[in-house]
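Sequence positions in the sequence shown follow the numbering used here and run 330 to 701.
Where a beta carbon is used, it is the ideal one built from N, C-alpha and C, also for glycine.
Just so we're clear, the structure is a prediction, and the values are computed from it rather than from any experiment.
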Amino acid sequence: MSTSPRRVLKKQVLLIAVLAVGIGVFALYRVFASRPASNSAPPGVAVGSAPPAAVGYFSLQPVGSWSRLPSDSQCTAEVHYSTWEPRPENYQQNHTMPAPRAMAASFASRPRDRGGTFNPMWDSWLLPRVDGQFTGTTDEILQWAACKWGLPDNLIRADAAIESTWFQYLHFPGNASAGGGGGGSCYWKRGCGDALSSPRASTIAYCSGIATQGLLPGEVHDYQKDPVTSIGGYPYTPGPGLCPKTFSILGIMSWSNPARAKQYPAYPGNQNGTFPFNRDSTAAAADYWGASMRGCYEGWETWLNNTGPRAYAAGDLWGCIGAWYSGQWHTSVANGYISRVRSAEKSLVWLNPAFDISKQQYHCAATYGCPD
């Protein structure tokens, strides 16, 4: 049976149309598949659009309540979900979680309790509980961490405002560092800080080590190769052994000075086990901050004895806030930091309309463009 030229043409047109639709659908699938998945509230949980309530949602749980603190999943259900996001620049880090048990393994190789410096509970219960297994908006993550560790959510909001203006890891594009890896130079005090300013063998080992690590391949970066930017850059010219000691929305230390270990072996890489989790995952950073506050508040951070004019004691959460910054107990420096965090908490700075506009909190560099 012969086929007419018109019928052949119709079949060809139909085939082309089908192929075009298929290619379009495939292209559309690729677009959506390449987008990071947004976090959604648990089924049946309402999602609003308003900022958090001024009074907050979670209160301080007393000393001794550590064994009754809620789990990850319980706090996921307790979070007040909202699309409000004053820091859209945090999206990638807000939607990145460490592999299960990865943080626990990192801490296990760096035990805290050496020579009675910490209560054994720090290694046996507290740090193994840190996992960063949550995604959401910046405020949802802060709520989740506060709930998990029995802390006021307004306190973690205030400390994040002082430490980083709520930026988890603001950084310039990758081309801001020739040969430095995928992620670009960090924007100082917007998710990284505390410069190592004296190069030594120990700092070179640390800086070279973190230059090879990342939860996301695109964020692996060698800070020792960073240039001096016109804005938001280092307070010195980077070089071997010179890089940030702290990362994240809450200013979490990654560096561990081997000189302080005394008779004990230095931690691997002269790191305390928080990196790269504290840089690449907002939830991991908030989780570790909450654990540190709870451990200190419970009286388990015994190395703080004799570090200030007052004796370290359980139940002084503000003392723990000061020690987070200064490493000392109620010294003038620690108390100055406490005053700044108190002020941010009292003023509810995160509800200020100017705070909500993230682009007012940083500037673009003349050579390297705008951070993200």
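Those residues which DSSP pairs with residue i across a bridge
{"i": "alanine 433", "result": "DSSP output for alanine 433 lists no bridge partner at all."}
{"i": "histidine 692", "result": "None, per the DSSP bridge assignment."}
{"i": "glycine 698", "result": "Ala694"}
{"i": "serine 526", "result": "None; serine 526 has no bridge partner."}
{"i": "histidine 500", "result": "Cys515"}
N-terminal and C-terminal residue of the beta strand (DSSP E) that residue i is part of
{"i": "aspartate 442", "result": "From DSSP, aspartate 442 is part of no beta strand (DSSP E); its letter is neither H nor E."}
Residue i, enclosing alpha helix (DSSP H) - first and last residue
{"i": "aspartate 460", "result": "First-last for aspartate 460: undefined, no H or E at that position."}
{"i": "glycine 648", "result": "646–655"}
{"i": "cysteine 476", "result": "467–477"}
{"i": "threonine 425", "result": "Counting along the chain, threonine 425 falls outside any alpha helix (DSSP H), and DSSP gives it neither H nor E."}
{"i": "alanine 375", "result": "No alpha helix (DSSP H) contains alanine 375, which DSSP labels as neither H nor E."}
{"i": "threonine 405", "result": "401–407"}
{"i": "leucine 484", "result": "482–493"}
Simplified DSSP assignment, three categories, for residue i
{"i": "glycine 520", "result": "coil"}
{"i": "glycine 624", "result": "helix"}
{"i": "serine 687", "result": "helix"}
{"i": "glycine 598", "result": "helix"}
{"i": "arginine 359", "result": "In this predicted model, arginine 359 has a pLDDT of only 29, less than 50, meaning its place in the structure is not dependable; the value taken from the coordinates is given anyway. The answer is helix: DSSP assigns arginine 359 an H, G or I state."}
{"i": "serine 672", "result": "helix"}
{"i": "asparagine 681", "result": "coil"}
{"i": "serine 396", "result": "helix"}
{"i": "serine 453", "result": "helix"}
{"i": "aspartate 411", "result": "It is worth fixing the name first, because residue 411 is serine in this sequence and not aspartate. DSSP places serine 411 in strand when its eight states are reduced to three."}
{"i": "glutamine 390", "result": "coil"}
{"i": "tryptophan 632", "result": "helix"}
{"i": "glycine 416", "result": "The sequence shown places arginine at residue 416, rather than the glycine named in the question. Coil."}
{"i": "glycine 637", "result": "coil"}
{"i": "phenylalanine 606", "result": "helix"}
{"i": "alanine 383", "result": "coil"}
{"i": "tryptophan 658", "result": "coil"}
{"i": "alanine 614", "result": "helix"}
{"i": "alanine 642", "result": "coil"}
Rounded straight-line distance, which links the Cα of residue j to that of residue i
{"i": "aspartate 523", "j": "phenylalanine 496", "result": "16 angstroms"}
{"i": "leucine 393", "j": "histidine 659", "result": "According to the sequence displayed, residue 393 carries glycine and not leucine. Cα-Cα distance, rounded: 23 angstroms."}
{"i": "alanine 433", "j": "valine 557", "result": "36 angstroms"}
{"i": "tryptophan 632", "j": "tryptophan 395", "result": "20 angstroms"}
{"i": "arginine 430", "j": "asparagine 607", "result": "15 angstroms"}
{"i": "histidine 692", "j": "glycine 513", "result": "15 angstroms"}
{"i": "proline 726", "j": "threonine 566", "result": "Any question about residue 726 goes unanswered here, given that the chain covers just 330 to 701."}
{"i": "alanine 475", "j": "tyrosine 617", "result": "11 angstroms"}
{"i": "serine 388", "j": "aspartate 482", "result": "7 angstroms"}
{"i": "threonine 412", "j": "phenylalanine 604", "result": "29 angstroms"}
{"i": "glycine 465", "j": "alanine 614", "result": "14 angstroms"}
{"i": "aspartate 468", "j": "glutamate 492", "result": "15 angstroms"}
{"i": "arginine 416", "j": "alanine 490", "result": "12 angstroms"}
{"i": "serine 559", "j": "glycine 377", "result": "40 angstroms"}
{"i": "proline 381", "j": "arginine 486", "result": "10 angstroms"}
{"i": "arginine 623", "j": "glutamate 630", "result": "10 angstroms"}
{"i": "glycine 644", "j": "aspartate 488", "result": "18 angstroms"}
{"i": "alanine 383", "j": "valine 678", "result": "10 angstroms"}
{"i": "alanine 370", "j": "tyrosine 410", "result": "7 angstroms"}
{"i": "leucine 480", "j": "leucine 398", "result": "10 angstroms"}
{"i": "proline 569", "j": "glutamine 553", "result": "5 angstroms"}
{"i": "leucine 646", "j": "threonine 696", "result": "44 angstroms"}
{"i": "tyrosine 516", "j": "alanine 673", "result": "22 angstroms"}
{"i": "aspartate 460", "j": "tryptophan 653", "result": "20 angstroms"}
{"i": "valine 374", "j": "valine 408", "result": "9 angstroms"}
{"i": "valine 670", "j": "leucine 484", "result": "8 angstroms"}
{"i": "tyrosine 626", "j": "asparagine 635", "result": "17 angstroms"}
{"i": "alanine 642", "j": "phenylalanine 447", "result": "13 angstroms"}
{"i": "serine 435", "j": "glycine 445", "result": "21 angstroms"}
{"i": "glutamine 690", "j": "isoleucine 650", "result": "24 angstroms"}
{"i": "serine 687", "j": "proline 594", "result": "43 angstroms"}
{"i": "arginine 639", "j": "asparagine 664", "result": "12 angstroms"}
is_contact[residue i, chain B] using C-beta, thresh 7 angstroms
{"i": "glutamine 421", "result": "Given the protein chain composition of this structure (a single chain), no chain B is represented."}
Output the residue ranges of the beta strand (DSSP E) runs that lie fully inside the stretch 532–592 and measure 3 residues or longer, sorted by chain position. Complete beta strand (DSSP E) runs here, min 3: 573–576.
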